[in-house]
Amino acid sequence: MHILSALLLAIAVNVDNFAVGIAYGIKKLQIGWLTNLFIGLISAAGTYLAISVGNDIRNYLSVNVANVLGSFILIAVGIWSIWKTLKRQRRKVRMRQEMSFLVAAGSNRAISNSSHGDLSQEFSQEFLQEFSYEKFLEHPEKADVDRSGYIDVQESIALAFGLTLNNLGSGLGGGISNLNVVITTFLVFILSLLGISGGYFLGDRFTTKISGLWAGILSTSLVIITGVYEYFLIP
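With the working numbering applied, the sequence shown covers 6 to 240.
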């Protein structure tokens, strides 16, 4: 049975939801039940779509090939995501160091003229990350557009799709590995609700923060573990 794999994958894709919940709890930005439900439904819909596509691809492959390919995709997605997370962290550190140096030197001209190409690249990366959950994890207040202290459904759209898009590759690999689409989708939905509400509870009361770095590494490590487990699982 693939129940354990479905559970591992559901936990993996919801580590980010848990971390976001903590970040919002620390900032005292309330997430209503309707908003939480909306995020859970979007995550579940994305998971259902990705696994369904993976299941369809599996129909054109032999059992052994599908098992190996699905496991490879899960492991590859995990490794690539860890590399992307570490690269993003290094870029943040480098940018902070460069800006600190330029500000300390008191050279506004240097700031405005320093590597225009790099600044353009950073702008492009920020644009591409418009629907990335990381910016809401590091700066939760950005989602509160009207500064009401409450995240409504409309304000959570970018966050919901960012969390979902980040996990489509894992769902595709899981589908090719023959994960049950109904069970996995249900687990993702339930754990999304629990992850955000539980994370908010902890952040609101204990101000415990999970950085984007550690949330990314933890979730992608679970994806890799799922891929390895599926590889050795007898179909």
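Every residue gets a Cβ at the ideal spot worked out from N, C-alpha and C, and that includes glycine.
With a 10 Å radius around its C-beta and 16 neighbouring C-beta atoms as the bar for buried, classify residue i as buried or exposed.
i, result
"N171", "buried"
"V187", "exposed"
"G59", "buried"
"R63", "buried"
"L227", "buried"
"L196", "buried"
"G154", "exposed"
"R114", "For R114, the predicted model reports a pLDDT of 49, less than 50, meaning its position is unreliable; a value from the coordinates is still stated below. Burial call: exposed."
Figure out for me which residue from the options has the closest Cα to the Cα of residue i.
i, options, result
"I47", "T169, K89, N60 and T225", "T169"
"F211", "D21, V20, Y29 and Q94", "Y29"
"S182", "G167, V68 and W88", "V68"
"A17", "G83, V150 and A163", "G83"
"E146", "N22, S10, I31 and D21", "I31"
"L207", "L184, G26, I78 and L196", "G26"
"K89", "E235, F237, T225 and Y236", "T225"
"I44", "D209, K92, F237 and D21", "D21"
"L184", "I80, V70, G154 and E235", "E235"
"H144", "D157, V158 and L164", "L164"
For my contact list, residue i and residue j are in at a C-beta cut-off of 8 Å; report their separation, rounded to the angstrom.
i, j, result
"N41", "L198", "6 Å"
"I230", "L54", "About 23 Å; that fails the 8 Å criterion."
"G174", "I78", "7 Å"
"G179", "T189", "6 Å"
Between the alpha carbons of residue i and residue j, how many angstroms are there, rounded?
i, j, result
"V233", "S76", "6 Å"
"V73", "S57", "18 Å"
"F166", "E160", "11 Å"
"L39", "L9", "29 Å"
"T52", "G176", "6 Å"
"R95", "S86", "14 Å"
"F128", "I201", "For F128, the predicted model reports a pLDDT of 43, less than 50, meaning its position is unreliable and no value from the coordinates is stated."
"F194", "A49", "5 Å"
"N19", "F191", "12 Å"
"F23", "Y65", "36 Å"
"A148", "K33", "13 Å"
"A81", "R99", "27 Å"
"G204", "V70", "39 Å"
"K92", "D61", "34 Å"
"V158", "D209", "20 Å"
"D151", "I162", "14 Å"
"F237", "A15", "19 Å"
"I245", "A11", "Any answer about residue 245 is impossible in this case: the structure gives the chain only from 6 up to 240."
Starting from the N-terminal side, write out each stretch of the alpha helix (DSSP H) that is 4 residues or longer and does not extend beyond the segment 156 to 213. 162 to 170, 173 to 181 and 186 to 211
What beta strand (DSSP E) runs, 3 residues minimum, are completely inside the segment 11 to 83? none
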